[in-house]
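Beneath this line is the structure, given in structure tokens, with notes to follow.
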Amino acid sequence: MQLLISPSLRHVTVLPAKDTIDGERKCSKLGCLGRKIGPRILGRPLESTVPEVIYQVLEEPSDQIEIKEGPETPQSLEEFMEEMKDTKPDAETFAVKLKAMVTLLEQRTRTAKIQEYLYRHVASSGIPKQLHCLDLKLAYEHSINANARLQLPSAELVPALVDNTYFHFVLASDNILAASVVASSLVKNSFRPEKVVLHIITDSKTFSPMQAWFSLHPLTPAIIEVKGLNHFDWLTRGKVPVLEAMEKDQKARSQFRGGSSAIVANTTEKPHVIAAKLQSLSPKYNSLMNHIRIYLSELFPSLDKVVFLDDDIVVQTDLSSLWDIDMNGKVNGAVETCRGEDKFVMAKRFKSYLNFSHPLISKNFDPNECAWAYGMNIFDLQAWRETNISEAYHYWLEQI
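Note that the working numbering has the sequence shown beginning at 34, numbered continuously upward.
Given below as structure tokens:
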């Protein structure tokens, strides 16, 4: 029995209530109103009307209850609601069905995300047929067409390559089409394209096709230089510790036979962790093109300042104002990626990139230190030469 006390009435109304086997009460509209208002009037807290068994079922680990993923599991909220209206189940059955549906949808969402990350990894690791054919066609053109192997830049423009009154940009890439997009967007958006010098560095196998492309598609009045890594005399195995580190990394990777298949087969790790592991397998991260920026002061000994561009960007504005920035003796200027509205892109800190389970890393680095965007960096090479940054980089390569 339940009492409803109304402050506007001088009498007490007694309303009957019928208990159900699940501990719920069925009552008239007035009776239910009394159940809701009565405790508040008496100063007692309002008790939850959700049966305890629902909490028990939902809080149980999914692996401790049997969740069938067959036709009997609702595939959507609409199907779930229709089934509940038709069958009018008890509270426990309701909770089991709800948990089965949510678990099924979570598993499907997780599978879809991992598939997306895997496809992205495959796409970024492979060479599309069209790009491969483009390289072959340009290499052939380079061998038969004198106009495809012009000196870049022409002899009269060579002095500009070491002239610090120009705006010097550096692009390291073995992707001809990507390099073309970066170069074209840079020049077309420049207020003074005649003052732009773009130094393109590529590997030995891509040098001829890259030279052919920019010989046949000049970006006048900008100055384009194309050089292969093999053109730098100092870049030999004995002088570049990063090459030895890359060889060690390759050996370590070769010992792990599972590759991407083993990574995506993991059923316990979160999708973003799997995405990070797949990304670490990308050949891009084991390419000298990815490490070349650490040698900029040696690659360009006559230059004071350069802007380094990644090959996955599109320039949309004039960048000459970067040369007006006073860097106060600092070596690198970049955009931080730990503050911003986008909580995925703009939430990158050292812990997003470094392995803090390694004792040397956890001892010497702050996991919450803000990271910075990789796509566009400005380097003060004069300040660089006064530091031991390159030596410190080599030290950490040897330690880790």
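C-beta: ideal position from N, C-alpha, C; glycine also. Note that the structure is a prediction, hence the values are computed from the model and not measured.
Beta-carbon proximity list for residue i, same chain, < 6 Å, skipping 5 on both sides
{"i": "residue 239", "result": "207"}
{"i": "residue 55", "result": "In this predicted model, residue 55 has a pLDDT of only 43, less than 50, meaning its place in the structure is not dependable; the value taken from the coordinates is given anyway. Around residue 55: 84, 123 and 124."}
{"i": "residue 219", "result": "348"}
{"i": "residue 419", "result": "none"}
{"i": "residue 171", "result": "242, 245 and 246"}
{"i": "residue 237", "result": "261 and 263"}
{"i": "residue 389", "result": "395 and 400"}
{"i": "residue 413", "result": "338, 360 and 364"}
{"i": "residue 367", "result": "405, 406 and 410"}
{"i": "residue 417", "result": "330 and 364"}
{"i": "residue 310", "result": "296"}
{"i": "residue 213", "result": "none"}
Assigned secondary structure, residue i (DSSP; H/G/I helix, E/B strand, else coil)
{"i": "residue 258", "result": "strand"}
{"i": "residue 106", "result": "coil"}
{"i": "residue 165", "result": "helix"}
{"i": "residue 3", "result": "Given a span of 34 to 433 for the chain in the structure shown, any question on residue 3 remains unanswerable."}
{"i": "residue 247", "result": "helix"}
{"i": "residue 61", "result": "Its pLDDT being 47, under 50, residue 61 is placed unreliably by the model, and the measurement read from it follows with that caveat. Here residue 61 sits in coil by DSSP."}
{"i": "residue 202", "result": "strand"}
{"i": "residue 92", "result": "helix"}
{"i": "residue 253", "result": "coil"}
{"i": "residue 119", "result": "helix"}
{"i": "residue 432", "result": "helix"}
{"i": "residue 174", "result": "helix"}
{"i": "residue 263", "result": "helix"}
{"i": "residue 346", "result": "coil"}
{"i": "residue 181", "result": "helix"}
{"i": "residue 298", "result": "coil"}
{"i": "residue 225", "result": "coil"}
{"i": "residue 310", "result": "helix"}
{"i": "residue 132", "result": "helix"}
{"i": "residue 83", "result": "coil"}
{"i": "residue 335", "result": "coil"}
{"i": "residue 303", "result": "coil"}
{"i": "residue 242", "result": "helix"}
{"i": "residue 187", "result": "coil"}
The alpha helix (DSSP H) enclosing residue i, as first and last residue numbers
{"i": "residue 332", "result": "329-332"}
{"i": "residue 324", "result": "321-324"}
{"i": "residue 212", "result": "209-221"}
Where the beta strand (DSSP E) through residue i begins and ends
{"i": "residue 234", "result": "229-235"}
{"i": "residue 340", "result": "338-342"}
{"i": "residue 355", "result": "Where residue 355 is concerned, there is no enclosing beta strand (DSSP E), given that its DSSP letter is neither H nor E."}
Own chain, CB closer than 8 Å to residue i, minus 5 neighbours either side, in chain order
{"i": "residue 116", "result": "107 and 130"}
{"i": "residue 325", "result": "205, 234, 262 and 332"}
{"i": "residue 384", "result": "400 and 401"}
{"i": "residue 91", "result": "128, 131 and 132"}
{"i": "residue 307", "result": "147, 150, 296, 297 and 299"}
{"i": "residue 370", "result": "378, 379, 380, 381, 403, 404, 405 and 406"}
Residues near residue i by beta carbon distance below 7 Å, same chain, minus five either side
{"i": "residue 372", "result": "379"}
{"i": "residue 226", "result": "220, 254 and 255"}
{"i": "residue 248", "result": "180, 181, 182, 183 and 185"}
{"i": "residue 210", "result": "164 and 167"}
{"i": "residue 174", "result": "181 and 245"}
{"i": "residue 356", "result": "200 and 338"}
{"i": "residue 351", "result": "222, 223 and 224"}
{"i": "residue 387", "result": "394 and 398"}
{"i": "residue 293", "result": "151, 154, 311 and 314"}
Write down every uninterrupted run of the alpha helix (DSSP H) in the stretch 358-429 whose length is 4 residues or greater and which is fully enclosed by it, in chain order. 392-397 and 414-418
Cβ pair count under 8 Å reaching 3, the stretch 328-348 against the stretch 399-412: yes
Contact between the stretch 299-306 and the stretch 142-157: three or more CB pairs below 8 Å? yes
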